[in-house]
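Before any comments, here is the structure.
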Amino acid sequence: MTPIEKVEGRAIPFGLKNVDTDVIIPAHWLKTTTREGMGRGAFESLRADPDNLFDSPVFKGAPILIAGDNFGCGSSREHAAWALGDLGIRVVIAPSYSDIFSGNAVKNGILPVVLPQPAIDRLMEVAQTDPVHVDLDTQTVTTPFQDRFTFEIDPFRKMCLLEGLDEISLTEKSDAAIGAYEAQLDADRPWMRPAIA
Amino acid sequence: MTRPRTLYEKIWDAHVVEQRPDGTCLIFIDRHLVHEVTSPQAFAGLRASGRTVRRPDLTLAVPDHNVPTTARLDAAGNRLPIADRESAAQLAALEKNAPEYGIRYIDAVAPEQGIVHVVGPEQGFSLPGTTIVCGDSHTACHGGIGALAFGIGTSEVEHVLATQTLLLQPSKTMEVRVEGQVGPGVSAKDIILHITGTIGAAGGTGHVIEYTGSAIRALSIEGRLTVSNMAIEGGARAGLIAPDEVTFAYLKGRPYAPKGADWDDAVAYWKTLASDPAATYDKVVVIDAADIAPSVTWGTSPEDVVPITGVVPDPAAFADPSKQVAAAKSLAYMGLEPGTRMQDVPIENIFIGSCTNSRIEDLRAAAAVIKGRKKAANVRWAIVVPGSGLVKAQAEAEGLDRIFIDAGIEWREPGCSACLAMNPDKVPAGERCASTSNRNFVGRQGPGSRTHLVSPAMAAAAAVTGKLTDVRELMA
Chain C
2 MTPIEKVEGR AIPFGLKNVD TDVIIPAHWL KTTTREGMGR GAFESLRADP DNLFDSPVFK
62 GAPILIAGDN FGCGSSREHA AWALGDLGIR VVIAPSYSDI FSGNAVKNGI LPVVLPQPAI
122 DRLMEVAQTD PVHVDLDTQT VTTPFQDRFT FEIDPFRKMC LLEGLDEISL TEKSDAAIGA
182 YEAQLDADRP WMRPAIA
Chain P
971 MTRPRTLYEK IWDAHVVEQR PDGTCLIFID RHLVHEVTSP QAFAGLRASG RTVRRPDLTL
1031 AVPDHNVPTT ARLDAAGNRL PIADRESAAQ LAALEKNAPE YGIRYIDAVA PEQGIVHVVG
1091 PEQGFSLPGT TIVCGDSHTA CHGGIGALAF GIGTSEVEHV LATQTLLLQP SKTMEVRVEG
1151 QVGPGVSAKD IILHITGTIG AAGGTGHVIE YTGSAIRALS IEGRLTVSNM AIEGGARAGL
1211 IAPDEVTFAY LKGRPYAPKG ADWDDAVAYW KTLASDPAAT YDKVVVIDAA DIAPSVTWGT
1271 SPEDVVPITG VVPDPAAFAD PSKQVAAAKS LAYMGLEPGT RMQDVPIENI FIGSCTNSRI
1331 EDLRAAAAVI KGRKKAANVR WAIVVPGSGL VKAQAEAEGL DRIFIDAGIE WREPGCSACL
1391 AMNPDKVPAG ERCASTSNRN FVGRQGPGSR THLVSPAMAA AAAVTGKLTD VRELMA
């Protein structure tokens, strides 16, 4: 996973609420056995409109996406995060996210920034003409007009993003604890194992 | 005395392997369900890093998302080819990966094959008090038997395959209490549509919802699975319903469920799981069952719910400006005008199936409405897709298949089908579908498709009248 610390660039003023992962990447793009190339299917129904934001000369390849409440709701498909990453998006800024999507984003080096709606409204305005700067280390979003918004992020997620950590390697350090848990479970509740061996 | 705890807190506490200083916990996963669409990249990751599957015995793989629902065997019993090259490749990948890593695998032509969320409880693989994950957001379904079950992304699928754990932050708790008795023609699906309309699509974000109250207790396991299935449509990663005698009676004797003395020990343990009377929730919503009508969606978010007796809302009537914009976009997509009576909306397609509503009780409810009637002339396409091979066999033993076929409705093989249109079952652009599935998102049932979410009985009513219909008018 690519580490992330500072991202500066144009921010796509998308702004819609309840954007579901079917909209981010429709199901027919899920028939693949690799993670690559998902960007082609990203926001397919919206990009059918030739005047869409994502393909406009100004915003094509922009590293930041500004969205409304409950971004990434619906299906658990990680393909949504892969598709955003493949479009070049490293940061999403929204008032809230679905729980599954925000986890998937972090695991793919995409920072889900949570800011209240008034901040989103202001950033939507700035994004029309100017770049936005996101700094994960200081947990701030700033603009050339001296706007400065601070955001909260879970410390573990922050560390994973800053260091580009592979979570499985981290968990493997707990191998002994997992083994001990399994042994205790077998002793306490042996019926928990599926009855057919 | 220990602090009073909710059902969620009891299951969580019993699965903490390690707690980190920041509150993140390493949680043990008791059951992992795997299907063909969200697993290939996880197995590829394992292979690339030289890792193996830690607990294949706790993992069950079954193809469901893109299997065709037309005949899978020819007259001689040979497997028929799958026309779509990419679907075939995904199915082949699962068929190769499962045995290679020693994982139990139910293949596409096995009698037990079906939608993972139908198969898990049906096989007794899903049990109360367990943690269950699957690379599919409707894993929330298994909360209907009292399991903490939630959908995960593919990176997490790989993490669970490799370590049998997940790194998680505890969720907040939410109680949705439905008290009283529902009226005639009102099903579990109407209850959960009404709840979703009440709390909103983000109402449960960050929470696990426990459904309580007399109307929930009165539901069969099939009904409870339907309710918990759509917890995710209210933003909650998981739903829960406390296990009780109904749950135990449902699970007893199922293939993977405990047997003999183990069964008694299991039931004794499961009886300790219900939320303590003094336990509190971070959020509580109370609903009067008498307020719930047969329900239907008008827009492109599952929160867009009205009673069938209602009308298409006016976007300007919403208080939230962003909802006004979203509602206007939804209506344009759906081709609906504000003020139109829902019962005047014509329907060209009917889909009865999905992990929400494809169990035997659902098919019985639909057949009861269809019996002695015919599909309306303007209904172009109507299919019933049983949730599993075992549901299909049971329905056929009861003669339900004949009722559907005689009415001009197709009787198919099990799978996810037109719920998400990854297989050939799609609703054409611009056409409407009365669907028993869980999502009315833009393009969900095929590009340009227009979905109205309803119960099985309501879908059946629409099939015979050719428009959205109050099923109570067809009930004797």
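These protein sequence lines are chains C and P, in that order. First residue of the first sequence: 2, per the working numbering; consecutive thereafter. First residue of the second sequence: 971, per the working numbering; consecutive thereafter. All residues carry an ideal CB built from backbone N, CA and C; glycine is no exception.
Residue span of the beta strand (DSSP E) that contains residue i, given as start and end
{"i": "Gln-969(P)", "result": "Because chain P spans 971 through 1446 in this model, residue 969(P) falls outside it and cannot be assessed."}
{"i": "Cys-1104(P)", "result": "1101-1104"}
{"i": "Phe-150(C)", "result": "149-151"}
{"i": "Leu-1306(P)", "result": "Counting along the chain, Leu-1306(P) falls outside any beta strand (DSSP E), and DSSP gives it neither H nor E."}
{"i": "Phe-1120(P)", "result": "1118-1121"}
{"i": "Val-115(C)", "result": "112-115"}
{"i": "Ala-1031(P)", "result": "1029-1031"}
{"i": "Asn-1319(P)", "result": "1319-1322"}
Pairwise C-alpha distance: residue j and residue i
{"i": "Ala-81(C)", "j": "Arg-36(C)", "result": "10 Å"}
{"i": "Phe-150(C)", "j": "Asp-992(P)", "result": "24 Å"}
{"i": "Ala-1363(P)", "j": "Pro-1356(P)", "result": "9 Å"}
{"i": "Pro-1038(P)", "j": "Cys-74(C)", "result": "27 Å"}
{"i": "Trp-30(C)", "j": "Trp-83(C)", "result": "11 Å"}
{"i": "Leu-47(C)", "j": "Met-1304(P)", "result": "15 Å"}
{"i": "Ala-1078(P)", "j": "Leu-1043(P)", "result": "10 Å"}
{"i": "Ala-968(P)", "j": "Ser-77(C)", "result": "What the structure shows of chain P is the stretch from 971 to 1446, and residue 968(P) is not part of that stretch, so it cannot be assessed."}
{"i": "Ile-1162(P)", "j": "Val-1197(P)", "result": "5 Å"}
{"i": "Arg-1017(P)", "j": "Gly-1223(P)", "result": "37 Å"}
{"i": "Gly-1400(P)", "j": "Arg-1420(P)", "result": "6 Å"}
{"i": "Ser-1245(P)", "j": "Pro-974(P)", "result": "8 Å"}
{"i": "Glu-1307(P)", "j": "Ala-1297(P)", "result": "11 Å"}
{"i": "Gly-42(C)", "j": "Leu-85(C)", "result": "10 Å"}
{"i": "Ala-1188(P)", "j": "Ala-1367(P)", "result": "26 Å"}
{"i": "Ile-1169(P)", "j": "Asp-148(C)", "result": "34 Å"}
{"i": "Leu-1243(P)", "j": "Ser-1190(P)", "result": "19 Å"}
{"i": "Pro-119(C)", "j": "Ser-97(C)", "result": "13 Å"}
Contact with chain D by residue i, beta-carbon distance below 9 Å
{"i": "His-1112(P)", "result": "Of the protein chains in this structure, namely C and P, none is chain D."}
Whether residue i touches residue j by CB criterion (9 Å)
{"i": "Ala-1429(P)", "j": "Phe-1321(P)", "result": "yes"}
{"i": "Ala-1259(P)", "j": "Gly-1150(P)", "result": "yes"}
{"i": "Gly-1183(P)", "j": "Ile-1115(P)", "result": "no"}
{"i": "Pro-1033(P)", "j": "Leu-1003(P)", "result": "no"}
{"i": "Phe-1374(P)", "j": "Val-1354(P)", "result": "yes"}
{"i": "Pro-4(C)", "j": "Gly-104(C)", "result": "no"}
{"i": "His-1129(P)", "j": "Gly-1121(P)", "result": "no"}
{"i": "Glu-153(C)", "j": "Cys-161(C)", "result": "no"}
{"i": "Tyr-1226(P)", "j": "Gly-1094(P)", "result": "yes"}
{"i": "Ile-1085(P)", "j": "Gly-1416(P)", "result": "no"}
{"i": "Phe-1411(P)", "j": "Asp-21(C)", "result": "yes"}
{"i": "Asp-1440(P)", "j": "Thr-1279(P)", "result": "yes"}
Classification of residue i by the beta-carbon crowding that lies within 10 angstroms, buried from 16 upward
{"i": "Pro-113(C)", "result": "buried"}
{"i": "Val-59(C)", "result": "exposed"}
{"i": "Gly-1369(P)", "result": "exposed"}
{"i": "Asn-1048(P)", "result": "exposed"}
{"i": "Ser-57(C)", "result": "exposed"}
{"i": "Leu-137(C)", "result": "buried"}
{"i": "Met-1445(P)", "result": "exposed"}
{"i": "Asp-1106(P)", "result": "buried"}
{"i": "Gln-185(C)", "result": "exposed"}
{"i": "Gly-1138(P)", "result": "Here residue 1138(P) turns out to be Leu, not Gly, going by the sequence shown. Buried is the call here."}
{"i": "Ala-1346(P)", "result": "buried"}
Own chain, CB closer than 7 Å to residue i, minus 5 neighbours either side, in chain order
{"i": "Pro-199(C)", "result": "Outside the modelled stretch of chain C, which goes from 2 to 198, sits residue 199(C), for which no answer is possible."}
{"i": "Pro-1069(P)", "result": "Tyr-1075"}
{"i": "Asp-131(C)", "result": "Thr-144, Pro-145"}
6 Å CB neighbourhood of residue i in its chain, flanking five on each side removed
{"i": "Pro-1081(P)", "result": "Gly-1359"}
{"i": "Arg-1021(P)", "result": "Ala-1132"}
{"i": "Leu-1195(P)", "result": "Cys-1111, Gly-1114"}
{"i": "Ile-1102(P)", "result": "Arg-1001, Ser-1096, His-1112, Ala-1117, Ala-1119"}
{"i": "Gly-1193(P)", "result": "Ala-1158"}
{"i": "Cys-1389(P)", "result": "Ser-1324, Ser-1407"}
{"i": "Glu-988(P)", "result": "Leu-996"}
{"i": "Phe-1218(P)", "result": "Val-1237"}
First and last residue of the uninterrupted alpha helix (DSSP H) at residue i
{"i": "Asn-105(C)", "result": "100-108"}
{"i": "Lys-18(C)", "result": "Segment: none, Lys-18(C) is in no alpha helix (DSSP H) and carries neither H nor E."}
{"i": "Tyr-1220(P)", "result": "1215-1221"}
{"i": "Glu-1145(P)", "result": "Element bounds for Glu-1145(P): not the alpha helix (DSSP H) but the beta strand (DSSP E), 1142-1149."}
{"i": "Asp-1234(P)", "result": "1230-1240"}
Cβ-based neighbour list, residue i, same chain, cut-off 8 Å, excluding 5 preceding and 5 following
{"i": "Lys-61(C)", "result": "Phe-55"}
The ligand NAD heavy atom lying under 8 Å from the CB of residue i
{"i": "Thr-1109(P)", "result": "With respect to small molecules bound, the structure shown includes none, and the ligand NAD cannot be examined in it."}
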